[in-house]
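K.L.:
Quick note on numbering: the sequence shown equals residues 28 to 252 in our numbering.
All C-beta atoms in this analysis are idealised placements derived from N, C-alpha and C, irrespective of residue type, glycine included.
The structure presented is a predicted model; accordingly, all values stated were derived computationally and were not measured.
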Amino acid sequence: DAEVLTGAVKEVRMEAWRNIAGRPFPAVADKEARKDVERALMAAVGWLEGDEAGEYWELSELEPDVESELETEDLMLCKPKKNTLHVASGAARDWPDQRGVFFSEDKGCVLWCNGLDHATIVVLERGWQAGAALQRFLRLYRALEAGLRRQGMRFSVDKGLGFLGTSPERLGLAFRASVTVALPTAKKDTAPLKKVCEREALRLERKKRSDEEQQAEGGEGEDEE
Numbered sequence: 028d029a030e031v032l033t034g035a036v037k038e039v040r041m042e043a044w045r046n047i048a049g050r051p052f053p054a055v056a057d058k059e060a061r062k063d064v065e066r067a068l069m070a071a072v073g074w075l076e077g078d079e080a081g082e083y084w085e086l087s088e089l090e091p092d093v094e095s096e097l098e099t100e101d102l103m104l105c106k107p108k109k110n111t112l113h114v115a116s117g118a119a120r121d122w123p124d125q126r127g128v129f130f131s132e133d134k135g136c137v138l139w140c141n142g143l144d145h146a147t148i149v150v151l152e153r154g155w156q157a158g159a160a161l162q163r164f165l166r167l168y169r170a171l172e173a174g175l176r177r178q179g180m181r182f183s184v185d186k187g188l189g190f191l192g193t194s195p196e197r198l199g200l201a202f203r204a205s206v207t208v209a210l211p212t213a214k215k216d217t218a219p220l221k222k223v224c225e226r227e228a229l230r231l232e233r234k235k236r237s238d239e240e241q242q243a244e245g246g247e248g249e250d251e252e
């Protein structure tokens with residue numbers, strides 16, 4: 028029911044994880060390699076236009092109030108926690124050097140630089156706007172691809188495995204679409220909802236997202252996703 032969805036859906040989020048071909052992945056990259064990736068991504072986002080245009084911030088220079096706002100909206104590239112893939116793989120070395128966050132003016136387009144992968148691309152639309160989210164994601168993604176091509180670069184992809192990344196579970200599309208909905212009555216008895224999700228091959232989660240490692244393990248939301 029469209030009316031029910033309109034009231035229940037809080038946001039639609041689309042994410043993709045990408046690495047630049049020919050550059051060491053974050054797990055094995057040194058400072059110079061990470062800086063090379065950061066320069067390339069800074070140039071690519073610098074060419075964005077229209078609603079996708081925005082500002083890039085190095086994590087080490089991010090203003091506290093901006094950082095707090097991004098964390099509240101679940102758009103911050105947070106410091107990795109211990110005992111996570113991010114730390115165990117070596118991708119968190121020298122944190123936060125050569126890491127950064129780009130976001131558009133309305134914070135609907137976001138890019139994290141040198142997290143678990145070279146680039147985490149995020150598009151967020153408030154409310155039940157799945158079509159709008161997809162269209163905006165495609166505009167952002169294609170513009171980033173064009174920005175890399177201008178520098179003689181491209182995203183790393185294998186004909187057999189698909190897009191390559193640090194986490195094996197992301198091989199292939201390395202893309203996720205999620206919907207956060209408010210289901211106050213379902214919290215009392217989640218069994219029916221779980222049954223529907225199993226039938227439709229959907230993943231249901233309740234935890235609150237806090238950093239990229241949690242997202243790498245499947246993402247989290249303050250309500251049901």
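1) Can you list, in chain order, the stretches of the beta strand (DSSP E) that have 3 or more residues and sit fully within the segment 166-203?
2) Closest by CA to alanine 60, which one among Glu196, Val150, Leu198, Asn141?
3) When the Cα of glutamate 38 is compared with those of Leu161, His145, Phe190, Val208, which residue comes out closest?
4) Please report the residue range of the alpha helix (DSSP H) in which arginine 226 lies.
5) Taking threonine 147 and leucine 161 to be in contact with their CB atoms under 8 Å, please state how far apart those CB atoms are, rounded to whole angstroms.
6) Counting pairs of Cβ atoms below 8 Å between the segment 208-228 and the segment 97-107, do you hit three or more?
7) If distances are taken between C-alpha atoms only, which option among Ala70, Arg226, Thr217 comes closest to glycine 127?
8) Which complete beta strand (DSSP E) runs does the segment 34-58 hold, if anything under 3 residues is left out?
9) What are the boundary residues of the beta strand (DSSP E) that glutamate 85 is part of?
P.N.:
So, to answer that:
1) none
2) Position 33 of the sequence shown holds residue 60. The option with the nearest alpha carbon to alanine 60 is Asn141.
3) By one-based count along the sequence shown, residue 38 stands at place 11. Of the candidates Leu161, His145, Phe190, Val208, the one whose C-alpha sits nearest the C-alpha of glutamate 38 is Val208.
4) In the sequence shown, residue 226 corresponds to position 199, counting from 1. Taken as a continuous stretch (DSSP letters only), the alpha helix (DSSP H) holding arginine 226 covers 218-226.
5) As a working note, residue 147 is residue 120 in the sequence shown. As a working note, residue 161 is residue 134 in the sequence shown. Wrong, their Cβ atoms sit about 17 Å apart, outside the cutoff.
6) no
7) Sequence index remark: in the sequence shown, residue 127 carries index 100 (1-based). Taking only the C-alpha atoms, the option nearest glycine 127 is Ala70.
8) 36-45
9) As a first step, residue 85 is located in the sequence shown; it is residue number 58 there, counting from the start. Note, glutamate 85: beta strand (DSSP E), 81-85.
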